[in-house]
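K.L.:
Position one of the sequence shown corresponds to residue 240 (my numbering), numbered consecutively onward. Cβ coordinates follow ideal geometry from the N, Cα and C atoms, glycine included. Bear in mind that the values here come from a model prediction, so they are computed numbers and not experimental data. Please find one structure pasted underneath; my questions will follow.
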Amino acid sequence: AIGYVHNLSKRTALYATIARVSNKNGAALTVGAGPGFVTTGGFTPKTSTGYDFGIRHAF
Numbered sequence: 240a241i242g243y244v245h246n247l248s249k250r251t252a253l254y255a256t257i258a259r260v261s262n263k264n265g266a267a268l269t270v271g272a273g274p275g276f277v278t279t280g281g282f283t284p285k286t287s288t289g290y291d292f293g294i295r296h297a298f
């Protein structure tokens with residue numbers, strides 16, 4: 240995974256993150272909305288990629 244935060248001011252920032260998982264030797268991990276990496280039931284993707292981006296403002 241790799242991420243970046245760009246501060247626009249003391250209270251506002253832009254952020255972006257991307258993560259990729261490659262399964263080998265029967266592993267069944269994916270990038271998901273849950274905590275960390277989660278296992279899947281049934282279908283096992285060879286790779287899984289997730290990303291997020293947004294703006295943060297502290298009031």
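State the start and end residues of the unbroken beta strand (DSSP E) segment that holds residue 261.
P.N.:
For the purposes of this step, residue 261 is taken as the residue at position 22 of the sequence shown. 251-261 is the span of the beta strand (DSSP E), which, as asked, contains residue 261.
K.L.:
On the three-pair Cβ rule with 8 Å, is the segment 261-268 touching the segment 288-295?
P.N.:
No, the segment 261-268 does not touch the segment 288-295.
K.L.:
May I ask you to list the residues that DSSP assigns as paired with residue 264?
P.N.:
The count along the sequence shown starts at 1 and reaches residue 264 at position 25. BP columns for residue 264 are empty, so no partner.
K.L.:
At which residues does the beta strand (DSSP E) containing residue 292 begin and terminate?
P.N.:
What you label residue 292 is simply residue 53 of the sequence shown in a count that begins at 1. Here the beta strand (DSSP E) through residue 292 covers 286-296.
K.L.:
When you compare each of 252, 295, 268 to residue 258 by their alpha carbons, which one comes out closest?
P.N.:
Working through the sequence shown from its first residue, we reach residue 258 at position 19. Checked all of 252, 295, 268; the closest Cα to residue 258 is 268.
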